[in-house]
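Enquirer: Residue numbers (my numbering), protein chains in the order written: chain E, 1 to 523; chain U, 1001 to 1347; chain V, 2001 to 2320.
Heads up, the beta-carbon is just placed ideally off N, CA and C, and yes, glycines get one too.
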Amino acid sequence: MARSEPLLRAEGVTKEFFGVTALSNVDFELAAGEIHALVGENGAGKSTLIKILTGAYRRDRGKITLEGEPVDPADVKDAQKLGIGTVYQEVNLLPNLTVAENLFLGREPKRFGLTSHREANRRSREILSQYGLDIDVTAVLATYSVAVRQIVAIARAVDLSGKVLILDEPTASLDAAEVTRLFAILEGLKARGLGIVFITHFFDQVYRIADRVTILRNGQKVATRPIEGLERLELVSMMLGRELKEQEAHAAEPVDYSRKPVIASFQGIGKRGRIAPFDLTMHAGEVVGVAGLLGSGRTETAELMFGIAQPDEGRISVDGSPVSFSSPREAIRHGFGFCPEDRKLDGIVEDLSVRENVILALQARRGWAKPLSRKEQEEIADRYIAALDIRTSDREKPIKFLSGGNQQKVILARWLATDPRLLILDEPTRGIDVGAHAEIIRLIGELRERGMSLLVISSELEELVAYATRVRVLADRRHTGELEAGAITPDTIMRAIAAGEDETPGDRGGQGRATEIMAEGAA
Amino acid sequence: MTMPATLKRVLPQLIALLVILALNTAIAPGFLDIAYANGRLYGSLIDILNRGAPVALLAIGMTLVIATRGIDLSVGAVMAICGAVAAALITSDHSLPATILMTLGVGILCGLWNGALVAFLGIQPIIATLILMVAGRGIAQLITEGVILTFNVPGLIFVGSGSVFGLPFPVILWVVLGIAATLIFRTTALGLLVEAIGINRRASALAGIGTSALLLAVYAASGLCAAVAGIVAAADIRGADANNAGLWLELDAILAVVVGGNSLMGGRFSIAGSLIGAMIIQSVNTGILLAGFPPEFNLVIKAAIIVVILVVQSPASHTLFAFVKNRPGRTIGAPTPAAKTKEEAAR
Amino acid sequence: MKILKTLAGAVAMAGLMAGSAVAADMTVGFSQIGSESGWRAAETTLTREQAEKRGIDLKFADAQQKQENQIKAIRSFIAQGVDAILLAPVVATGWDQVLEEAKDAEIPVVLLDRQVDSSDDLYLTAVGSDLEHEGEVAGQWLVDNVGDKDCNVVELQGTTGSSPAIKRKAGFEKAIAGHDNIEIVRSQTGDFTRTKGKEVMESFLKAENGGKDICALYAHNDDMAVGAIQAIKEAGLKPGSDILVVSIDAVPDIFLAMAAGEANATVELTPNMAGPAFDALEAYKKDGTMPPKFIQTESKLFTQSDDPKAVYEEKKNQGY
């Protein structure tokens, strides 16, 4: 970059939460008149970085300069005064106030000491006309579409701050036409010399609007690159943390599925707005890996298979007979199990003991009237504590006091105790320590050898290579390809993902994606 | 569930109860006297057991509902409805068993209504049960046609003021129902499943627990308990008073559950704790009546005593006690983690 | 069902009283609070009966405890051009405007049972009972009955802070003042309900030597007395003889107790507020006689010698 001094510069920014490093020594630069995309998988540190820039979090270490001056925003309001404004995906406006009131909330124009609505309305119309928006500013905000609210939020942020605009997933709930309109506005602001930081999961949008892109992974900066000349494959590899180099092919021999019994078959099941119809046949003794970027439909696939969401088309059969799952209960009755991605929200029952968490699914399947005796419960719990090497001082300890990796093992134990035939694991190794990580991978191999059918969703490509006998590749809420055993390497997976992302159809919006992104915000 | 563990769980409540009883004895010298006459026991202690019956009965159901992280505000109104139904049936010459069975059925129906709103429509429990709380008293008035519907059927009156083995029948009722509920929930897996959905309903559903059916069952149980309480209250005064039966008792029942050491956030529950909680509340009420203070002070005194009990039971004060207890021989700053382990151990 | 009973009663009454019916065709609007208690229901019944008997066309509006409904009802009465309005106000304040409107339309308004805070030239008169006087009548009965004997009284108060509780207590105390042999030893609220009346009486009995030290019970309403009577019986004592029972309101159930010898006396809070109101209205319409601004209804004392069984039969159909 030829410019002498960037508009906003962060150097060596570090943030820890309770001993966990969320952001480690990250540098970031934003030039005036630039749109800078910030990308990364869940937990990469995007939210933490922008929250530090906008004063919502205090950094532990590092320096932030704005136009060459060191700044230290104490809170969001302080950041606004300095010139840094933010628009979150969940628009931070008050839907029950009028458009004008929202624009001038907290800084109402005064006349003789009283709020002058007329003045506020006049100025609101003026401001919004710059964005090509001619609407009744005295109407309540809630009467307008999300796109209009988004623009009002941007207008407010720009009017308040005026130098740096940070947009966190602004397009998540917009349709294609609205996205185009929003981008036109961003181009206009860019021409006015604002620096814009743009967080998104959509590659095509990065390529459409951004000048540069910064990639974060696991709290660290991977690179900042101009978008010109950046290959999609390279961008994907940087996000997923894989160097582009030849890898030895997967060790596993190609499997002859025709000789393995079919456990369950899913024919053309899909759900509008969440996942396009797909076919998948699960055999005994195989591990089907599921790869794809965040929001590509991985979790949605698992939810349809386990009865958490009901497909609006397609057929499911188990052991050759047709079934339909109206709830996980019925899937469990057919010998299915599911370890969810969000362990804390969907997996553990915090206040219950390790023992109770282990036997929960088994007990639920037996029904309330057939309780496992205390002795049986203790035996089962002790067996899995030993088998999975669950580190706990006591089987009666509430699970909330265990580490993430041990909690994950307890959830695994919960399903193993039901002796499932088909086990679905959604990101089984996320956020757990290295030791537990290795054990879980080893365990997946063991279960496969014992004849269990497994579907494992993971963002860790080496992991998939290590245990998958085939890999389903997802992109843009569709199953776009499958890699057979023998052809599975991090490279081939990555290329398959990038290829899938390239053939992008129009509508990228959808509720499923929004909820997934919200879950990221909560994490 | 070994006996000592159960005892340990309700120990703070037992101590609180004993303290209140000791205070009552100090205020009213004859407080502990129990006499036997006309085939039944007399005394203030018996009065506490007897007068506390409606709240104790409600507290059994309320404990279960609260364990699922719910709340049932309608129980007072359901009492009024069921009292009215019982009185209306018995005065229109239905037999006693038919009257009781139909009344219990009405209570269960009320509970199922609440449960359906919570489980299937996903309405927040406080709002879902508020509907019946408001409407219920009106329904009861429709049944009684706005009057106190009196009856004089010995069998029904026996439910309110008869006695068995010298004890008032309502006492037998809440003790038996309390033990039955504890057995049903602790010898089967129901207790565990209810606790699981109270702590994490999503995770429980994903583990295959039929959360909707369980919620329905728990609210129905609460309705059933309210029906029994409603029959007791009506039988006690030999009439169904739609305006006043069970008025504000839902709040006393919730208080009993909380004083009994159960968390409004759901999860772990103890029916025994709630029953002791109900007796604590009634002991306070009776103590106030015996003390002979002007009635203007009643509510203030009651509130003050409850605040003290809740403060003493709060986790914060446990930490403080542990701090004080552990102080000798420890360096400053060290006690906090020690206190915390103590508190964890106590759970 | 109830309406049928009411009608039957009204027709019978009308037949009996036909001679005294005034021919004047008068239309009167009646804005009633609601039917929150048996007494209120009886007031409605008796108002209808009285109107029927006098050939008055009564337009009835139930406000369901809401002042705005009452104001609406009065406005509609004015619009219909009624000859007079009866109003049982749900609250004391906020009536000035609508009473002004009635006055402008020259429609006299008579307040029933409760008072309002408006200037007294906005209404013709108010008919009501004197709560303090009721307490006094009850106290006087006790004074007359115990003579010189020492008598420890326990008192069941109404809802703490309510005006009936305060005034009925004050009236009773006034009556027993100067009679040193009569002393209130315990006084607690029973919230005007049977359940609480019974519970509090149980504690009184325990606190006063199993009830042996109690000579009389004074309850601020009959419902509490009915509950307390059960407590006394369950304690093995005889209400009405071991412990005298005097209360206020004269609801039907207390007459059953009196007939059984379990209650001694009750002071009537008459639900017939309409009778005196119609008397005043008729006189005013006839020759412009201005009634006094407050017409006090009779606080009639009923005892066991007043044939309680018969009174019960008479009252039980009045909608209590």
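(1) So with Cβ pairs under 8 angstroms, would you call Ile-1143(U) a contact of chain V?
(2) Quick one: grab the DSSP three-state call for Ala-2(E).
(3) Quick check: Pro-2254(V) and Gly-2211(V), are their CB atoms within less than 8 angstroms of each other?
(4) What does Lys-63(E) pair with, by DSSP beta-bridge criteria?
(5) What does Cys-2151(V) pair with, by DSSP beta-bridge criteria?
(6) Let's see if you can read the secondary structure: which residues bound the alpha helix (DSSP H) around Ile-324(E)?
(7) Measuring alpha carbon to alpha carbon, tell me which residue in Asp-75(E), Leu-416(E), Gly-40(E) is nearest Ala-56(E).
(8) For Ala-44(E), which residues in the same chain have their Cβ closer than 6 angstroms to its Cβ, ignoring the five residues on either side in sequence?
(9) With a threshold of 16 other CB atoms inside 10 Å of the CB of Phe-325(E), please say whether the residue is buried or exposed.
(10) Run through chain V and tell me which residues come within less than 9 angstroms of Asn-1244(U), C-beta to C-beta.
(11) Interface residues of chain U around Tyr-2320(V) at Cβ under 8 angstroms?
(12) How about Thr-171(E) and Val-179(E): are their beta carbons less than 8 angstroms apart?
(13) Sort Val-456(E), Ala-37(E), Leu-7(E) by Cα distance to Ala-291(E) and report the nearest one.
(14) Does chain E have any CB closer than 8 angstroms to the CB of Asn-1114(U)?
(15) Using CA atoms only, rank isn't needed, just tell me which of Gly-1191(U), Ala-1240(U), Ala-1226(U), Ala-1227(U) is closest to Thr-1144(U).
(16) Whole-angstrom Cβ separation of Leu-412(E) and Cys-339(E), contact assumed at under 8 angstroms?
(17) State the Cα-Cα distance for the pair Glu-11(E) and Leu-30(E), rounded to the nearest angstrom.
(18) Identify the continuous alpha helix (DSSP H) that holds Glu-2314(V) and give its terminal residues.
(19) Is the CB of Ile-1199(U) under 8 angstroms away from at least one CB in chain E?
(20) What would DSSP say about Pro-1170(U), mapped onto helix, strand or coil?
(21) Flag this pair as yes or no: are the beta carbons of Ala-2170(V) and Gly-2135(V) separated by less than 8 angstroms?
(22) Would Phe-18(E) pass as an interface residue toward chain U - the criterion being a Cβ-Cβ separation below 8 angstroms?
(23) Does the separation of the CB atoms of Arg-1238(U) and Gln-2230(V) fall below 8 angstroms?
(24) In terms of residue numbering, what span does the beta strand (DSSP E) encompassing Cys-339(E) cover?
(25) Relative to the C-alpha of Ala-1226(U), which candidate in Leu-1064(U), Val-1078(U), Gln-1013(U), Val-1065(U) has its C-alpha closest?
(26) Rounded to whole angstroms, how far is the Cβ of Gly-2240(V) from the Cβ of Asn-2264(V), which I believe are closer than 8 angstroms?
(27) Could you check how far apart the C-beta atoms of Ala-2034(V) and Gln-2065(V) are, in whole angstroms? I think they sit under 8 angstroms.
(28) How far does the beta strand (DSSP E) with Leu-278(E) in it reach, from first residue to last?
(29) Would you say Thr-2160(V) lies against chain U (beta-carbon separation less than 8 angstroms)?
(30) List, in chain order, every chain V residue whose beta-carbon is nearer than 7 angstroms to that of Ser-1092(U).
(31) For the segment 1287–1301 of chain U against the segment 2181–2198 of chain V, do three or more pairs of beta-carbon atoms, one drawn from each stretch, fall closer than 8 angstroms, so that the two count as touching?
(32) Taking only beta-carbon atoms, is Pro-1315(U) less than 8 angstroms away from chain C?
(33) Return helix, strand or coil for Asn-1262(U), following the three-state DSSP convention.
(34) Could you compute how far the alpha carbon of Gln-80(E) sits from the alpha carbon of Leu-53(E)?
(35) Out of curiosity, what's the CA-to-CA distance linking Gly-33(E) and Gly-188(E)?
(36) Look up Asp-2120(V) in the DSSP assignment and say whether it is helix, strand or coil.
Expert: In short:
(1) To locate residue 1143(U), count along the second sequence from 1; it is residue 143. Taking Cβ atoms only, chain V never reaches closer than 8 angstroms to Ile-1143(U), which makes this a no.
(2) Within the first sequence, residue 2(E) is the residue found at index 2, counting from 1. Its pLDDT being 42, under 50, Ala-2(E) is placed unreliably by the model, and the measurement read from it follows with that caveat. Ala-2(E): coil per DSSP, three-state reduction.
(3) For the purposes of this step, residue 2254(V) is taken as the residue at position 254 of the third sequence. For the purposes of this step, residue 2211(V) is taken as the residue at position 211 of the third sequence. According to the sequence displayed, residue 2254(V) carries Ile and not Pro. No, Cβ-Cβ distance for Ile-2254(V) and Gly-2211(V) is not below 8 angstroms.
(4) Indexing the first sequence from 1 puts residue 63(E) at position 63. Per DSSP, Glu-11(E).
(5) Here residue 2151(V) refers to the residue found at position 151 of the third sequence. DSSP, once it has assigned bridges, lists Ile-2182(V) as partnering Cys-2151(V).
(6) Residue 324(E) sits at position 324 when you count from the first residue of the first sequence. Checking the displayed sequence, the identity of residue 324(E) turns out to be Ser instead of Ile. Where Ser-324(E) is concerned, there is no enclosing alpha helix (DSSP H), given that its DSSP letter is neither H nor E.
(7) Mapped onto the first sequence, residue 56(E) falls at position 56. Looking at the Cα atoms, Asp-75(E) is the closest of the given residues.
(8) Translated into the one-based positions of the first sequence, residue 44(E) becomes position 44. Hits under 6 angstroms: Leu-216, Arg-217.
(9) If you number the first sequence from 1, residue 325(E) lands on position 325. Buried, since its Cβ has 16 or more Cβ neighbours within 10 Å.
(10) Residue mapping note: residue 1244(U) aligns to position 244 of the second sequence, counting from 1. In chain order: Asp-2191, Phe-2192, Thr-2193, Arg-2194, Thr-2195, Lys-2196, Asp-2223.
(11) As a first step, residue 2320(V) must be located in the third sequence, where it is residue number 320. The answer, in chain order, is Val-1147.
(12) For the purposes of this step, residue 171(E) is taken as residue 171 along the first sequence, with counting starting at 1. For the purposes of this step, residue 179(E) is taken as residue 179 along the first sequence, with counting starting at 1. Result yes, Cβ atoms of Thr-171(E) and Val-179(E) sit closer than 8 angstroms.
(13) As a position in the first sequence, residue 291(E) is number 291, starting the count at 1. It is Val-456(E).
(14) Mapped onto the second sequence, residue 1114(U) falls at position 114. Judged by the 8 angstroms Cβ criterion, Asn-1114(U) is not in contact with chain E.
(15) As a working mapping, residue 1144(U) is identified with position 144 in the second sequence. The residue with the shortest Cα to Cα distance from Thr-1144(U) is Ala-1240(U).
(16) As a first step, residue 412(E) must be located in the first sequence, where it is residue number 412. As a first step, residue 339(E) must be located in the first sequence, where it is residue number 339. Confirmed, Cβ separation roughly 6 angstroms.
(17) Counting from one through the first sequence, the residue named residue 11(E) turns up at place 11. Counting from one through the first sequence, the residue named residue 30(E) turns up at place 30. In a straight line, the C-alpha of Glu-11(E) is about 12 angstroms away from that of Leu-30(E).
(18) Position 314 of the third sequence, counted from the start, is the residue given in the question as residue 2314(V). Start and end: 2308–2315.
(19) Locating residue 1199(U) in the second sequence gives position 199, counting from the first residue. So, interface residue.
(20) Walking along the second sequence from the start, residue 1170(U) turns up at place 170. Helix at Pro-1170(U).
(21) Here residue 2170(V) refers to the residue found at position 170 of the third sequence. Here residue 2135(V) refers to the residue found at position 135 of the third sequence. Cβ distance < 8 angstroms, so Ala-2170(V) and Gly-2135(V) count as in contact.
(22) The sequence position of residue 18(E) within the first sequence is 18, counting from 1. By this cut-off, Phe-18(E) is not an interface position.
(23) Stepping through the second sequence from its first residue, residue 1238(U) is reached at position 238. Stepping through the third sequence from its first residue, residue 2230(V) is reached at position 230. Against a cut-off of 8 angstroms, the Cβ pair of Gln-2230(V) and Arg-1238(U) comes out as a contact.
(24) Stepping through the first sequence from its first residue, residue 339(E) is reached at position 339. Start and end: 336–339.
(25) For the purposes of this step, residue 1226(U) is taken as residue 226 along the second sequence, with counting starting at 1. The shortest C-alpha separation from Ala-1226(U) is found at Val-1078(U).
(26) Here residue 2240(V) refers to the residue found at position 240 of the third sequence. Here residue 2264(V) refers to the residue found at position 264 of the third sequence. About 6 angstroms separates the two Cβ atoms, so the contact holds.
(27) For the purposes of this step, residue 2034(V) is taken as the residue at position 34 of the third sequence. For the purposes of this step, residue 2065(V) is taken as the residue at position 65 of the third sequence. Strictly speaking, residue 2034(V) in this sequence is Gly, with Ala absent from that position. Confirmed, Cβ separation roughly 5 angstroms.
(28) For the purposes of this step, residue 278(E) is identified with residue 278 of the first sequence, where counting begins at 1. It should be pointed out that residue 278(E) corresponds to Phe in this sequence rather than to Leu. Per DSSP, Phe-278(E) belongs to the beta strand (DSSP E) from 275–283.
(29) In the third sequence, residue 2160(V) corresponds to position 160, counting from 1. It does; some Cβ of chain U falls within 8 angstroms.
(30) As a working note, residue 1092(U) is residue 92 in the second sequence. Neighbours of Ser-1092(U) on chain V: none; closest Cβ ~12 angstroms, over 7 angstroms.
(31) yes
(32) No chain C appears in the structure shown, which is made up of the protein chains E, U and V.
(33) Here residue 1262(U) corresponds to residue number 262 of the second sequence, with the count starting at 1. Asn-1262(U): coil per DSSP, three-state reduction.
(34) For the purposes of this step, residue 80(E) is taken as the residue at position 80 of the first sequence. For the purposes of this step, residue 53(E) is taken as the residue at position 53 of the first sequence. Their backbone Cα atoms lie some 11 angstroms apart in a straight line.
(35) As a first step, residue 33(E) is located in the first sequence; it is residue number 33 there, counting from the start. As a first step, residue 188(E) is located in the first sequence; it is residue number 188 there, counting from the start. Whole-angstrom Cα-Cα distance: 10 angstroms.
(36) Taking the third sequence and counting its residues from 1, the one referred to as residue 2120(V) is at position 120. Reduced to three states, the DSSP call for Asp-2120(V) is helix.
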